[in-house]
Amino acid sequence: MRKSIALVLMATVAGLLGVKVGAQTAASQDKLVHLNQIQVIGTHNSYNRGFAPSEAKWLQAQNPKAFLALDYAHKPLASQLDGGVRQMEIDIAADPQGGRYSHPRITDLVRDAKLPPDSEFDPTHEMDKPGLKVIHIVDLNERSNCQLFVECLKQVRAWSQAHPKHVPLFLLIENKAGGVRTIPNGVTAPQFTAADFDELDADIRSVFSPSELIVPDQVRGKYPTLEAAVLAGNWPTLEASRGKVLFLMDQKPSGPIYTAGHPSLRDRILFTNSTPGQAEAAFVEENDAPVAEINSLVKRGYIVRARADEDTAAARTNDIRRRDELLTSGAQFVSTDYPLSEPSKWTSYSVGLPGGKIARCNLINAPVGCQDALLEQGVGTETIETSQ
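Residue numbering for the sequence shown follows our numbering, starting at 7 and increasing by one per position.
Structure follows, in C-alpha cells:
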C-alpha cells in the first residue's frame, strides 16, 4: 500500500513538472529550471596573473601585510572555464586616450631597489591603445591574463562557442577608480562616467551578438519594472539561456550612473548590484551576509553572489567555515580565489560543489525533481533514472 501511494504521489509530481517518471532528459529539465535556480562556483579577480618574482620581493619588503593579502593568481580564463568555473570577475579601468597604465610604477621601484628585472609587463604594447583596461591595482598589481577588456571578452566568447551547451556564464564587472596613495608619482584611475559605461556596453556588444546575451530587457519583458519581473520568477529557463552570458555590476555606488536615463536598466547590458525595492533590483551582492539573509533573497527571486574567502586568509589556515556555510545556502555564485582546479599552495583549501559538480540544482529554489547530473550535459542526449 505504501509503495503504491508513493508511486501515485511521484507520478502526480512528475505530471506537474511535465516530465516522465523513470527517465528525465536534460531537454525536459531545461524547460523547468530557470537560470536563478542553479548554483555555480566563481572566481574573484579572475584575470589576475599575480606578481612577477621581483615585484613580489619588493612588496614583501615594503608592506608584508599587503603582500599576504594579494599573493594569489589565476590561470587563463579558458583554463578556469575548463576547470568548471562558471562565474568570473573582471576589473576595468577607464583609459580613453590610451597609455595611462602602460608603465606601472612598481617596475621602476623594482629597478631602484636593484632587484633582477622581471619579464616585460606589456611586450606587445596593448596598454598603449585607447579603451578599457583590465587591472587589479594600478601601478602595483597590473599583470593580467588579458590586458584589454575586449580581449577578455573574446577569450570568454571563444570558449563559449566551443562549448555551446554550457549553463549560462556570469561575468561580474568591477569598475576601478583611484590609485595607491603610498606609491609616489602614481597614476589615478578616473571615476567612471556615463560615457565610460556606454563604452562598456558597446565593447560587450562588439564581441557578443544579441542572441548570445541575457540582458535586463529580456528578463523584464512586459512587467513594469525589472524587479517586478524578478519577483514574479521571470528569469529565463536553462533552455533559453544555455550557451549565453549574463553581465553583472560589482560596484553598487556606480549603479545610479549606469541606470540614469535607463529606467529598470532599459537598453543596458549589465544587471546592477542593487537593493531590494529598487526598480532595477535583480542582482544583490551579499559577500558577508548570514545564510538566512541570502536564502531569503534567493527565495524572493534575486540572484545573489557571496565570497567564500578573501585576502588569502582562509587558504593559508584551511579555514573552511565560511566556505561550507555558503555551500548550504542558495547563493547562485560562490566566489573564491581557489576553485578546485586552483587549490591553495599552503593548505588543502579549495572551493567546489560536492562531487566536483560544475553546477547543481539550487538547494533553496530549484523545482522538485531537478537533477544535478543533467545541468552540464549535452541537451537531449543524456538521461538519468529517477528513484521509484
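Cβ coordinates follow ideal geometry from the N, Cα and C atoms, glycine included.
With contacts defined by Cβ atoms closer than 7 Å, residue 140 and residue 153 form a contacting pair.
Contact check for residue 358 against residue 346 passes: the beta carbons are separated by less than 7 Å. According to DSSP, residue pairing for residue 227 in a beta bridge does not occur. In this structure residue 251 is in contact with residue 174, their Cβ atoms being roughly 7 Å apart against a cut-off of 8 Å. At least 7 Å separates the beta-carbon of residue 50 from that of residue 302.
Excluding residues up to 5 positions away in sequence, 274 lie with their Cβ nearer than 7 Å to the Cβ of residue 268 in the same chain.
In terms of Cα proximity to residue 111, the closest of 375, 194 and 216 is 194.
In this structure, the alpha-carbon of residue 344 lies about 7 Å from that of residue 355.
Taking C-alpha positions only, residue 196 is separated from residue 37 by approximately 44 Å. Within 10 angstroms of the beta-carbon of residue 40 lie 16 or more other beta-carbons, which makes it buried. Taken through DSSP and simplified to helix, strand or coil, residue 312 comes out as strand. By alpha-carbon distance to residue 63, the top candidate from 107, 115, 86 and 87 is 115. Taking the CA atoms as reference points, residue 125 sits about 10 Å from residue 60. Collapsing the DSSP output to three states places residue 290 in a strand.
For the options 148, 76 and 181, the alpha carbon positioned closest to that of residue 255 is the one of 181. Residue 198 sits in coil when the DSSP states are folded into three classes, being neither helix nor strand. Apart from sequence neighbours up to five positions away, the residues of its chain that approach residue 213 with a beta-carbon distance below 7 Å are 156, 159, 160 and 163, ordered along the chain. In this structure, residue 225 lies away from residue 234, with their beta-carbon atoms at least 7 Å apart. Exclusion of the five residues before and after residue 134 leaves 104, 105 and 108 as the residues of its chain whose Cβ lies within less than 6 Å of its Cβ. Shown here, residue 210 sits in a helix according to DSSP, grouped into three states. Of 169, 304 and 99, the smallest CA-CA separation from residue 138 is found for 99. Residue 353 and residue 324 do touch by the CB rule: their CB atoms are close to 4 Å apart, below 8 Å.
Boundaries around residue 299 are those of the alpha helix (DSSP H), 297-306, since no beta strand (DSSP E) includes it. Close CB contacts of residue 322 within its chain, under the 6 Å cut and outside five residues either way in sequence, are with 352 (chain order).
Residue pairing for residue 97: DSSP places it in a beta bridge opposite 180.
Buried is the label assigned to residue 260, since at least 16 other Cβ atoms lie within 10 Å of its Cβ. Judged by DSSP in its simplified three-state form, residue 203 adopts helix. Here residue 191 is exposed. Its C-beta has fewer than 16 other C-beta atoms within 10 Å.
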